[in-house]
Amino acid sequence: SRSSKLLINGLIIGLILIWTIPTVGLFITSFRDKGAVATAGWWTVFGGGEGGLGSLTLENYEAVLFGGDGLGTAFLNTLAVAIPSVVIPILIAAFAAYAFAWMDFPGRRILFITVVALLVVPLQISLIPVLQAYLAIDLNGTFLAVWLAHAGFGLALATYLLYNYISELPKEVMESAALDGATHFQTFTRLV
């Protein structure tokens, strides 16, 4: 009935509000200075006066991002590692998956089976040989080393997943693109 739906919705909204109170408290506390945090609770910000909304500051964020801890640098390093580590394997895997799905070439089936078989190899087995290879070519400790490691370790799974998507695309669309004179690269970039 309508009243039971209103009651359930009210209870859910109440639980959501209760659940978010600690997060709101942490957020408000992050804008307060150390002395205010030590002497009064975060809810006193709403009371006005000396510890009110006018006392909130960005000094904590400045200290964390630009202070001696270097969290801002760590954040930029994280972006410098994460973005290429995702883009590189997906780009290579997308090209490989298209080739496995729509191009005929000798050894295609064996190569694809090899890619799928690589999924069962534990990454820990290859870490020491990869590190030794990096040391041999003086690549250890660089962003390129991390990018290549992520690309190598993620390539098999990404290729397999993208193959499953690309191989299910309508055959008629691919054939019509070939009849219209599109190359495999054009078909990949414009249709896939």
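Residue numbers (this note's numbering): 3 to 194. Cβ atoms here follow ideal geometry from the backbone N, Cα and C, with glycine treated the same way.
Segment limits, alpha helix (DSSP H) that includes residue 174:
173-181
Beta-carbon separation (whole angstroms), residue 119 vs residue 165, contact threshold 8 Å:
Not really, about 14 Å apart at Cβ, beyond 8 Å.
Could you tell me the alpha carbon to alpha carbon distance between residue 191 and residue 3, rounded to whole angstroms?
Distance between the alpha carbons of residue 191 and residue 3 is about 53 Å.
Member of 37, 59 and 24 whose CA lies at the smallest distance from the CA of residue 45
Of the listed residues, the one whose Cα sits closest to residue 45 is 24.
Beta-carbon spacing of residue 117, residue 162 below 8 Å:
yes
Got a sec? Which residues, its chain only, sit under 8 Å from residue 121 by beta carbon, not counting five neighbours each side?
Here the set comprises 158, 159 and 162.
For residue 189, I'd like the list of residues in its chain whose CB is within less than 6 Å of its CB, leaving aside the five on either flank, ordered along the chain.
179
Is residue 83 near residue 145, with beta carbons less than 8 Å apart?
yes
If we count the other Cβ atoms within 10 Å of its Cβ and call it buried at 16 or more, is residue 91 buried or exposed?
buried
Whole angstroms are fine: how far does the CA of residue 107 sit from the CA of residue 85?
Distance between the alpha carbons of residue 85 and residue 107: 32 Å.
Nonlocal neighbours in the same chain, by C-beta distance under 7 Å from residue 27, ignoring five residues either side
44
When DSSP labels each residue in this structure, what does residue 34 get in the three-state scheme?
coil
Span of the alpha helix (DSSP H) around residue 116
110-119
Going by CA-CA distance only, name the one from 133, 105 and 138 that's closest to residue 173.
105
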